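Novice: Handing you this structure, nothing more for now.
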Amino acid sequence: MDASIESRVGREVEAWLRWVPKWQPGTHRARSRLCQHCFGSPVLRAAGLDTDVPHAVQHPLSMRIKTLIEDEVDTYTSLNLPMLNRELGLIELRREAQAAYHPLEGLGPEFDGVDIDPPADPNEPYLFMFEDFVPPPSADDPELVPPPLSAEEKAALRVEMRLADDHALLVGKQVCAALVAHRPELQQAIARFVEPQVQALLADLGSTLDPHST
Ligand SMILES: [Zn+2]
12 MDASIESRVG REVEAWLRWV PKWQPGTHRA RSRLCQHCFG SPVLRAAGLD TDVPHAVQHP
72 LSMRIKTLIE DEVDTYTSLN LPMLNRELGL IELRREAQAA YHPLEGLGPE FDGVDIDPPA
132 DPNEPYLFMF EDFVPPPSAD DPELVPPPLS AEEKAALRVE MRLADDHALL VGKQVCAALV
192 AHRPELQQAI ARFVEPQVQA LLADLGSTLD PHST
């Protein structure tokens, strides 16, 4: 097994173990939809947290592990998969360019051609001008809209996407194997910090529902 993955899993487990004593059952309504990260997650199964553990306790661990796997795949991609890396970089740049605030967009026609910032009083300058938020021209850089890929480039990109998927699967398996080794400490934390609170809640519920208990 990859020693770096093993130690990263160890660090995420430690962080979760530090957090779990602070957990308290929420008073907010339980979510009605199943969490797509946690429901049926092989990661939680490997950790032994897949059954009889509140979702709010499972979720932080599954998100930590998800980030770990994504980071590993990102690193692998940037080192070994140049085409995919470039495409992902462009997607990211385009997303940033779109997310930028465009103060002149979406205004009614009555604002056409109007200065977005009224002239400032020289004695009381504005803290900021709307003009400052207009994204620099680089956001519309033709670099972000590269020429379409040739058939060979598309085929190469598809190969790299498959390699990235394969790598994600491999990392996922290594992570699960590493989690199995942490099961005892994870279960101990559940037994010590989570289970008593769950039992107390159930007992409360039982006494409210049972007319003979009063
Ligand atoms: Zn979840």
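In the working numbering, the protein residues as written are 12 to 225. Glycine residues also receive a C-beta, built at the ideal position from the N, C-alpha and C atoms. Here the structure is a predicted model, which is why all the values come from computation and not from measurement.
How would you write the range of the alpha helix (DSSP H) that T88 sits in, first residue to last?
Specialist: Taking the sequence shown and counting its residues from 1, the one referred to as residue 88 is at position 77. H66 to N91 is the span of the alpha helix (DSSP H), which, as asked, contains T88.
Novice: Looking only at its own chain, which residues have a Cβ that is under 7 Å from the Cβ of I80, when we skip the five neighbours before and after it?
Specialist: Residue 80 sits at position 69 when you count from the first residue of the sequence shown. These residues qualify, in order along the chain: A179, V182, G183 and V186.
Novice: Should S89 be labelled buried (16 or more other beta-carbon atoms within 10 Å of its own) or exposed?
Specialist: Position 78 of the sequence shown, counted from the start, is the residue given in the question as residue 89. The residue in question, S89, is exposed, as its Cβ has fewer than 16 Cβ neighbours within 10 Å.
Novice: DSSP puts E135 in a beta bridge; with which residues?
Specialist: Taking the sequence shown and counting its residues from 1, one reaches residue 135 at position 124. Paired residue(s): D132.
Novice: Reducing DSSP to helix, strand and coil, say where S15 ends up.
Specialist: Position 4 of the sequence shown, counted from the first residue, corresponds to residue 15. S15: helix per DSSP, three-state reduction.
Novice: M74: beta carbon under 8 Å from a heavy atom of ligand 1?
Specialist: On the sequence shown, residue 74 is found 63 positions in, with the first residue counted as 1. Under cutoff, so the answer is yes.
Novice: Compare the C-alpha of H48 against each of G100, A200, E107 and T78 and name the closest.
Specialist: The residue given as residue 48 occupies position 37 in the sequence shown. For H48, the nearest C-alpha among the options comes from T78.
Novice: Quick check on the burial criterion: 16 or more other C-beta atoms within 10 angstroms. Buried or exposed for L160?
Specialist: Position 149 of the sequence shown, counted from the start, is the residue given in the question as residue 160. It counts as exposed.
Novice: S52: buried (16+ other C-beta within 10 angstroms of its C-beta) or exposed?
Specialist: Here the question's residue 52 lines up with position 41 in the sequence shown. S52 should be labelled buried.
Novice: Once the 5 residues before and after E23 are set aside, which same chain residues still bring their CB inside 8 Å of it?
Specialist: Along the sequence shown, read from residue 1 onward, the residue named residue 23 stands at position 12. These residues qualify, in order along the chain: L72, R75, I76 and L79.
Novice: In chain order, what residues have a CB nearer than 5 Å to some heavy atom of ligand 1?
Specialist: Taking each Cβ in turn, the ones that pass are C46, H48, C49 and H70.
Novice: DSSP three-state call for T219: helix, strand or coil?
Specialist: For this step, residue 219 is matched to residue 208 along the sequence shown. In the structure shown, T219 sits in a helix (DSSP, three-state: H, G or I).
Novice: Roughly how many whole angstroms lie between the Cα atoms of E171 and E206?
Specialist: By one-based count along the sequence shown, residue 171 stands at place 160. By one-based count along the sequence shown, residue 206 stands at place 195. If you take the alpha carbons of E171 and E206, they lie about 45 Å apart.
Novice: For Q35, does the three-state DSSP call read helix, strand or coil?
Specialist: The residue given as residue 35 occupies position 24 in the sequence shown. The answer is coil: DSSP assigns Q35 none of H, G, I, E or B.
Novice: Between the alpha carbons of W30 and Q198, how many angstroms are there, rounded?
Specialist: Along the sequence shown, one-based indexing puts residue 30 at 19. Along the sequence shown, one-based indexing puts residue 198 at 187. So the two alpha carbons sit approximately 14 Å from each other.
Novice: CA-CA distance, R169 and E163?
Specialist: As a position in the sequence shown, residue 169 is number 158, starting the count at 1. As a position in the sequence shown, residue 163 is number 152, starting the count at 1. Those two C-alpha atoms are separated by around 10 Å.
Novice: Measuring only the C-alpha atoms, how far is T62 from H70?
Specialist: Sequence index remark: in the sequence shown, residue 62 carries index 51 (1-based). Sequence index remark: in the sequence shown, residue 70 carries index 59 (1-based). T62 and H70: Cα-Cα distance of roughly 13 Å.
Novice: In angstroms, rounded to a whole number, what distance separates the CA positions of P93 and H66?
Specialist: By 1-based counting over the sequence shown, the position of residue 93 is 82. By 1-based counting over the sequence shown, the position of residue 66 is 55. Approximately 38 Å between the Cα atoms of the pair.
Novice: From K226 to A175, what does the alpha carbon distance come to, in whole angstroms?
Specialist: It is not possible to answer for residue 226, since the shown part of the chain is limited to 12 through 225.
Novice: Could you pull out every unbroken alpha helix (DSSP H) segment of at least 4 residues lying fully inside the stretch 158-223, listed in chain order?
Specialist: Complete alpha helix (DSSP H) runs here, min 4: 162-200 and 206-220.
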